[in-house]
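Okay, structure first, notes after.
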């Protein structure tokens, strides 16, 4: 196995892990945002609660969720390792630097953006994921079957202006992170081709705007609809 | 032109170093940046002071010897080598900050001179063809499509100046290494050793202490030879396919 460990501890091997976990997390976000669109259904949360039960009990989804946890942890750990290597590569910095001339702000600050997203993720998982699995969630009955009423937890959480504002701001950071990360992951995998790279870049830009906006619109929608 | 130069002075590799400020006068807008430094050094020499040491050789933009991080960018405000940068790119009365390349793998030798032999060691690790390619062959004896020949040539125009390392926030040498891997990997003579080459050159690049790539694109944007990021993607393909299929354990 020595060639495997040697590869995974090279700069390119570590970047490969960043790219693969990052791309999987993009897939996860796509699924997450699609499913959560059920919050907009206006049926008192029935569809959302049925969906939430499916997502926490279906064995295939469970397996995918473990891959997601591993991806998050791997992405974080390898970003810390790479950041340390990168920082140590320039022990003495420049007195005057004009980096904005040749690269985007997001691309130079992926670590900071990622850290903010990680803090958000911890709060987010504590608020909903932990509650759904181990918290005290009231039950509702649809067609004689019992469901955890996660919808009520979500609507209650987003009565709070601070919570809504925090979510919207966090999504802005996610947007910046994705604006660089999406296309960057393909480049790291070596998938650079004049036929496809322009399309990947456009897709990345659309994705990095659309998905965070959809996510951010959920707390805003709930805040305004459940107030009235 | 009258200028104020803020220049990094450092006696030797172990000296801590610091900035010194020098006024210069009578600079023509047609002078190259290096000629402007020559004027400064003549003045310093006349006064009996130690002239500012900086790397230079051909002064034609083809050798890759000149460096300098000028006002926050490698080779200054234009995408060219410092020797091909002229004083018309600056304005009268301007203060110009001049620093050496900053990277762990490029230690400062003296003042603005850095040791770039880390690049030589990356080349020594595999940036060559060890099969006998014979004398100059007749044209088209070995069929190589023009697009491939052009791409390989574009990669080969890398002069190894190190601006990519200087520009990168991670002091990464991936643009340089990828150009050197690409120029050989695309051609029939270079394909023979492509797997071992990719593995060895990347191992050497890591061993030298260069950082990883964040795909910011600063290297390509600052490269005086316009080496493109497609080379880095190609290097990644070369490396990943090499490690899973080569005979090296």
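Residue numbers (this note's numbering), protein chains in the order written: chain A, 1 to 228; chain B, 1001 to 1249.
Glycine is no exception: its CB is placed at the ideal position from the N, C-alpha and C atoms.
- Proximity of residue 61 of chain A to chain B, defined by a Cβ-Cβ separation below 8 Å, is not satisfied.
- Contacts with chain B at 8 Å (Cβ-Cβ) include residue 96 of chain A.
- Not a single C-beta of chain B is nearer than 8 Å to the C-beta of residue 202 of chain A.
- Residue 1093 of chain B is outside the set of residues whose beta carbon lies under 8 Å from a beta carbon in chain A.
- Against chain B, the beta carbon of residue 11 of chain A has neighbours under 7 Å at 1206 and 1212, listed in chain order.
- Here residue 174 of chain A is not near residue 222 of chain A, since their CB atoms are 8 Å or more apart.
- Within the segment 97-109 of chain A, contact with chain B at the beta-carbon level (separation under 8 Å) is assigned to 97, 98, 99, 101, 102, 103, 104, 107 and 108.
- With a cutoff of 8 Å on beta-carbon distance, residue 1075 of chain B and residue 1032 of chain B are scored as not near each other.
- Linking residue 122 of chain A to residue 93 of chain A through their CA atoms gives a straight-line distance of about 33 Å.
- With a cutoff of 8 Å on beta-carbon distance, residue 1003 of chain B and residue 1094 of chain B are scored as near each other.
- Taken atom to atom, the span from the alpha-carbon of residue 1028 of chain B to that of residue 1019 of chain B is near 25 Å.
- Under the three-state reduction of DSSP, residue 66 of chain A is assigned to helix.
- Contact of residue 1104 of chain B with chain A by beta-carbon distance below 7 Å involves 88, 89, 90 and 91.
- With fewer than 16 other beta carbons inside 10 angstroms of its own, residue 209 of chain A counts as exposed.
- For residue 11 of chain A, the number of other beta carbons within 10 angstroms of its own is at least 16, and it is reported as buried.
- Counting of Cβ neighbours within 10 angstroms places residue 1204 of chain B among the buried residues, the total reaching 16 or more.
- By the rule that beta-carbons nearer than 8 Å mark a contact, residue 71 of chain A does not touch chain B.
- A residue is called buried when at least 16 other Cβ atoms come within 10 angstroms of its Cβ; residue 31 of chain A does not meet this threshold and is exposed.
- Between residue 1174 of chain B and residue 1249 of chain B, the C-beta gap is not smaller than 8 Å, which leaves the two residues out of contact.
- In terms of beta-carbon proximity, residue 1022 of chain B stays away from the interface with chain A, with every pair separated by 8 Å or more.
- Burial of residue 148 of chain A is indicated by the presence of at least 16 other C-beta atoms within 10 angstroms of its C-beta.
- DSSP, read as helix, strand or coil, puts residue 37 of chain A in helix.
- No Cβ of chain B is located within less than 8 Å of the beta carbon of residue 175 of chain A.
- Of the candidates A/143, A/165 and A/197, A/143 places its Cα closest to the Cα of residue 47 of chain A.
- Counted as a single uninterrupted DSSP element, the beta strand (DSSP E) harbouring residue 146 of chain A occupies residues 145-148.
- Contact of residue 146 of chain A with chain B is not assigned, every C-beta pair being separated by 8 Å or more.
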